[in-house]
Amino acid sequence: MDVTTIILLFSTLLSILKNSIAVDTIRGHQIVRDGETITSAGGEFELGFFSPGRSTNRYLGIWYKKISNGTVVWVANRDTPITNTLGLVRVTNKGITLQTADGMIWSSNTSISTKNPVAQLLDSGNLVLRDGDHNIDNFFWQSFDYPGDNLLPGMKFGLDLVTGLDRYHTSWKSVDDPSTGNFTDRLDPNGFPQFFLYKGSVKWSRSGPWNGRQFSGSPNGNQNGIFSDKFVSNEREIYYKMDLINKTSPVVRYTLTPNGLVKLLVWNYQKQIWSVYLQIFLSESDCDHYGLCGANGICKINSVPRCECLKDFIPKFPKKWTADWSSGCVRKKELDCGTDASFMKYVGVKLPDTRHSWYDMRINLDECKRLCLKNCSCTAYANADIRLGGSGCILWFNELTDIKGYTEDGQDLFVKVPAFESVVSGRSKAKRHIWIILFPVVLVLVVLALIFLYVLRKGRQRAEENLKLSPESVALNKIESEEWELPLFDFKTIIKATDNFSQNNKLGEGGFGPVYKGMLKDRQEIAVKRLSNNSCQGLDEFINEVSCIAKLQHRNLVTLVGCCTEKGEKILIYEYMANKSLDSYIFDEKIRSSMDWPKRYTIIIGIARGLLYLHQDSKLRIIHRDLKASNILLDHEMNPKISDFGMARCFEGSQTEANTSRIVGTYGYMSPEYAIDGQFSVKSDVFSFGVLLIEIVSGKKNRLFSHPDHSLNLLGHAWKCYNEGMLLGLLDEAMLESSNQMQVFRVIQIGLLCVQEDPTDRPDMSQVFVMLSSKMKLAHPKKPGFFVERILQDKDHLLSNPEISSCNQFTITSVLPRQ
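With mature numbering (1 follows the signal peptide of the UniProt record, and there is no 0) applied, the sequence shown covers -22 to -1, 1 to 797.
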């Protein structure tokens, strides 16, 4: 034991015998040892070291002093405990630090340009760092910005859109362990903002949107008059906050328990206990569990069974409905854009998931209804604010998920239904029955006979055709449309739409086969992908793509209109993308001059949104495995849409990675751990996205890039430019005049963060999206993977061809390992 350790131990033993420090402020020259505490000016809170429950580990935390002494509300080193009593708290111009004899284990990580740094514990329970010589309300850092499992009055809970600061809650692992637990409660700013409770990476529960009084999922929220609710949503920040109405109000706090319950607790002075005033987010079998009833289902808290379909909807899989509601409901009759529609009103509900909704706070409910009727894709509408009779508008454009019905309170939701289904009166129904009764019986019999003969003939034709088909074709024809979850087109319709696969309609061809432009009867333009017999995409890839993409609905993912498996064909029908693929723009010397920086940046954000949806927001976690420029399609407004899901993998629950012995993908976009070890995860797609970012900025392909001064590929060249501070030389000259250089440089840095060699160093897509959409400080990237390009011998056909198709498979040893 060295001299320093002996001195620290001796000082600590002496400090245990002392009383708490009678100040609320720690100045730069002061230290706090284990056994000493700092008390706020009014004596409400205390800062010091503690051991939770039966644990012997030591933590620096804040707890109540006047009431419920020992109830901890904030922990500094929750994931880095101290195993002895030698902890020291210091305040320097580098912030607040927690040290032991072995070195620093926690820091506020704040650089301060002041000679008099001061840390102060406020009576609100907020530990702040400020300049002791200036305004006491100007904080360099505050513990309220980094909450743990408690929300105290005055604390903001949400997102700073300027700095990227995300204030969210995480549970303790247990009452004896304050380290980060399984549950996270955080704001989702997409669409109309709302809060989600996650268990790991799985959506566990949802608050619903703020309706002006409370969150839609908590209609009986703040009715006590103890505190006031405040929800702010503007261009700079989105957050929720509660403030005590006066100084005599009872002590309240929200807490997130280790088992995922969010409780509003009030201190009972008479019984000297915390009383539960409100409990949010209940058990898995309760209506508060996210998506319990699936799409277009409603969970009624006082009904048995809990789930039922919305009016004019039926269970998607009727046979499974009584045992499993998660598959949800589908319409009895699809909405026809060319006919009138009406709305079914639901009173007293928790509004559906608003992540993909649109809203405008300036219009009324009548205008909201008009907009929904006018838009064929709109599925429902509601008031955004229920105060003063209602105002504002929310529109939904996809399936309605996570609706909860109450017996009272709640909000009004208007779901679009066919006009005929919702407005038929009793009189019109009676007339229809009379008309049916009076219809000539003979004519009915004739019609039935004709239908019987037609069905019999078609059955014989199908039986004859199946005798001629290959086993693969028979397998395709036996798959029911219910499994596909999208329309099955007959071959004649495809022949007519493409003019018998005319060469004039041919859009291109890849390793899978040709793609043709077509037009259906309703004038809808389509792209027909016809897998050839010698295609490297076989039955497995075809089924994978259909079953995968059919479940996806997002504006930045290509829409699969249907498929055709008749006569042994494997045909996919997509929405038509007028501007083809991204690679045809950014890699073409002539065309890419039309791609200025604002257009490229919009495309980058769109791709990020689509990939974030695949990884986090879709029903199943999906890893694309073949993200590249040629698989990003552009519609007539140059909006990007991710395509080609033949190699994608779907995961359920919290699974995020897997191994494979079959390596598929495109060299130049594949991550090292996938190409070398066969391990793929969401971080594999992040690597591909990073390559895309640098290609979009530079206008160069990663694999075809060459430089006279070195043998690095595009990633290596970008890494070299970044380290030498020469990023301007990486930019595509075609966009120099239109570019915001600081924004472009930031995108390059984000791209380099995405392509770091070690997947654990790479950010996930939620972090990437925040980086792209805010001005938060970025970390310095580490060395990228696969950044040196070597000349490969022509005998290896797979790697000698720079335009490797996404269906290629190769052994791990044939690609260049990490340098």
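Just so it is clear, CB atoms sit at the ideal spot from N, CA and C, and this is done for glycine as well.
Put simply, the backbone Cα of Thr17 is about 14 Å away from that of Val50. Taking the Cα positions, Lys181 is about 23 Å away from Thr357.
Per DSSP, the unbroken alpha helix (DSSP H) holding Val748 starts and ends at 743 to 751. Of the residues assessed, Gln481 falls on the exposed side of the cut-off, its CB having fewer than 16 other CB atoms within 10 angstroms. Collapsing the DSSP output to three states places Val254 in a strand.
Here Trp299 carries a coil assignment [DSSP, helix/strand/coil]. Distances from the alpha-carbon of Phe170 to those of Leu498, His602, Trp374 put Trp374 closest.
Excluding five sequence positions before and after Glu377, the CB atoms of its chain that fall closer than 8 Å to its own CB belong to Ala273, Asn274, Gly306, Thr357, Gln531, given in chain order. In this structure, DSSP gives Asn482 a helical state, which the three-state scheme calls helix.
Sorting Pro156, Arg108, Met322, Gly110 by C-alpha distance to the C-alpha of Gly126 places Pro156 at the top. In this structure, Ile341 lies near Leu349, with their beta-carbon atoms less than 9 Å apart. Here Phe174 has Asp166, Lys181, Arg184 as same chain residues with Cβ atoms under 6 Å from its own Cβ, once five neighbours each way along the sequence are excluded.
Going by DSSP, Met720 is part of the alpha helix (DSSP H) stretching over 719 to 732. The Cβ atoms of Val67 and Ile4 lie closer than 9 Å to each other. Within the DSSP secondary-structure output, Pro618 pairs in a beta bridge with Leu612.
Glu553 is bridged by DSSP to Ile504. In this structure, DSSP gives Arg184 an extended state, which the three-state scheme calls strand. The three-state secondary structure of Ile582, taken from DSSP, is helix. Its chain contains Val153, Asp154 as the residues whose beta carbon lies nearer than 6 Å to that of Gly31, once the 5 sequence neighbours on both sides are disregarded; these appear in chain order.
Phe665: member of the alpha helix (DSSP H) spanning 660 to 676, first to last residue. By the Cβ rule, the region 310 to 324 does not count as touching the region 137 to 149, because fewer than three pairs are nearer than 8 Å. For the 9 Å CB-CB criterion, Phe28 and Thr63 do not form a contact. Counting C-beta atoms within 10 angstroms of its own C-beta, Asp163 has 16 or more neighbours from the protein chains shown and is therefore classed as buried.
Ranked by Cα distance from Asp111, the first of Leu243, Gly103, Val96 is Val96. In the DSSP assignment, Lys394 is bridged to Phe321. Beta-bridge analysis with DSSP links Pro492 to Glu487. Annotated three-state conformation of Ser562 is helix, per DSSP. Between the alpha carbons of Asn94 and Asn71 lies a gap of roughly 8 Å. About 12 Å separates the beta carbons of Arg603 and Lys661, which is beyond the 8 Å limit, so they are not a contact pair.
When C-alpha distances from Thr300 are compared across Ile292, Pro283, Asp290, the shortest belongs to Pro283. Glu345: member of the alpha helix (DSSP H) spanning 343 to 352, first to last residue. For Ser369, the pairing in a beta bridge is given by DSSP as Asp363. Counting the other CB atoms within 10 Å of its CB gives Ser608 a total of 16 or more, which places it among the buried residues.
Here Gly326 is actually not in contact with Leu343; their C-beta atoms are around 16 Å apart, not less than 8 Å. Beyond the five residues adjoining it in sequence on each side, Ser649 comes within less than 6 Å, by CB distance, of Ser662, Phe665 in the same chain, given in chain order.
The region 221 to 234 and the region 129 to 138 touch, with no fewer than 3 CB-CB distances between them shorter than 8 Å.
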